[in-house]
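Asker: Numbering (the numbering used here), first residue to last: 45 to 274. For every residue, glycine included, the Cβ atom is placed at its ideal position computed from N, Cα and C. Dropping a structure here in structure tokens format, bear with me for questions.
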Ligand SMILES: [Zn+2]
């Protein structure tokens, strides 16, 4: 009976793939099988000194870094991120975070990460959007890898302006030292995996990661859902 009802409902309100807009079939969730196959995976896990790690050379002493998908202008991952950030589809974050966790689990488990933190949004943006997309990605990743996630480990201390059109050094000045750690969580001697949605210049992760590395013997690794390329 429930299946019958669902079929009737979907006849009028079909569930749509967030990647290509075609109706989802039974058994498909968030994205269709075709989009799932076409996700532009980076396979950075199989590359020593992968491009994300290289991006942070000389900037941030990290243990390991990786990204799940390439982010290209007008590409599939850009469409998914757009839906995730601006169209209220927070469930995309969990879904892709889970897939990411599942697919790189074996290499991340070797790193002995103690827990996961997400790059925070400014409170005014949370208010506007209703959620932090990086938290959603982190929840999915955590559930696939069983590495615990602490949602409020880091917070932003001041508003940052829209950064997209600024030059790199301006952008960096804009956000430097604008993060602080939740004093209620002890991360001394801990290995933290910091999760973000998209890496472009790496400036946000750099500033955020520095706040973690100020803590005695804390170690840092980085994972982003997407890695921007031209
Ligand atoms: Zn699709």
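(1) Are there 16 or more other CB atoms within 10 angstroms of the CB of residue 220, so buried, or fewer, so exposed?
(2) Report the three-state DSSP secondary structure of residue 216 (helix, strand or coil).
(3) Pair every Cβ in the stretch 183-202 with every Cβ in the stretch 138-146, then say whether three or more of these pairs are closer than 8 Å.
(4) Can you name the start and end residues of the beta strand (DSSP E) that residue 224 belongs to?
(5) Touching or not, the stretch 86-99 and the stretch 232-240, by the rule of three or more beta carbon pairs under 8 Å?
(6) Of all the options 104, 142 and 114, which has the alpha carbon lying nearest to the alpha carbon of residue 74?
(7) Is the beta carbon of residue 224 less than 7 Å from the beta carbon of residue 245?
(8) What does the Cβ neighbour count give for residue 214, buried or exposed, with the cut at 16 atoms within 10 Å?
(9) Just list the alpha helix (DSSP H) runs in the stretch 146-198, keeping only unbroken ones of 4 residues or longer that don't cross its boundaries, in chain order.
(10) Under 8 Å, with one C-beta from each stretch per pair, do the stretch 250-266 and the stretch 89-106 reach the 3-pair mark?
(11) Among 107, 68 and 122, which residue has its Cα nearest to the Cα of residue 273?
(12) With H, G and I counted as helix, E and B as strand and the rest as coil, what does DSSP make of residue 263?
(13) Relative to the alpha-carbon of residue 261, which residue among 243, 232 and 146 has its alpha-carbon at the smallest distance?
(14) For residue 114, list the residues DSSP reports as bridge partners.
(15) Rounded to whole angstroms, what's the CA-CA distance from residue 217 to residue 150? Just pull it up for me.
(16) Ordered along the chain, which non-local residues of its own chain (more than five positions away) have a Cβ less than 8 Å from that of residue 12?
(17) Is the separation between the beta-carbon of residue 109 and that of residue 266 shorter than 7 Å?
(18) Cα-Cα, which of 152, 94 and 256 is closest to residue 230?
(19) Would you report the Cα separation of residue 117 and residue 93, rounded to the nearest angstrom?
Answerer: Checking against the coordinates, here is how it stands:
(1) No answer about residue 220 holds up, because its pLDDT of 48 lies below 50 and its placement is not dependable.
(2) Bear in mind that the predicted position of residue 216 carries a pLDDT of just 46, short of 50, making it unreliable; the figure below should be weighed with that in mind. When DSSP states are grouped into helix, strand and coil, residue 216 belongs to the helix group.
(3) Touching, yes.
(4) Looking at the DSSP string, the run of the beta strand (DSSP E) that includes residue 224 is 223-225.
(5) In short, these stretches do not touch, since the Cβ pair count stays below three.
(6) The shortest CA-to-CA distance from residue 74 to any of 104, 142 and 114 is the one to 142.
(7) Result no, Cβ atoms of residue 224 and residue 245 do not sit closer than 7 Å.
(8) Here residue 214 scores only 49 on pLDDT, less than 50, and its place in the model should not be relied on; the value that follows carries that caveat. Exposed is the call here.
(9) Within the stretch 146-198, the complete alpha helix (DSSP H) segments of 4 residues or longer fall at 167-173 and 177-189, listed in chain order.
(10) Short answer: they touch.
(11) Check the Cα spacing between residue 273 and each of 107, 68 and 122: the tightest is with 122.
(12) If DSSP states are grouped into helix, strand and coil, residue 263 belongs with the strands.
(13) Selected option, being the one with the closest Cα: 232.
(14) As a beta-bridge residue in DSSP terms, residue 114 pairs with 271.
(15) Bear in mind that a pLDDT of 47 at residue 217, under 50, signals an unreliable position, so the model cannot answer this.
(16) Outside the shown range of the chain, which is 45 to 274, sits residue 12, and nothing can be said about it.
(17) Going by C-beta atoms, residue 109 is nearer than 7 Å to residue 266.
(18) Residue 230 has its Cα closest to that of 256, out of 152, 94 and 256.
(19) If I take the Cα positions, the gap works out to 25 Å.
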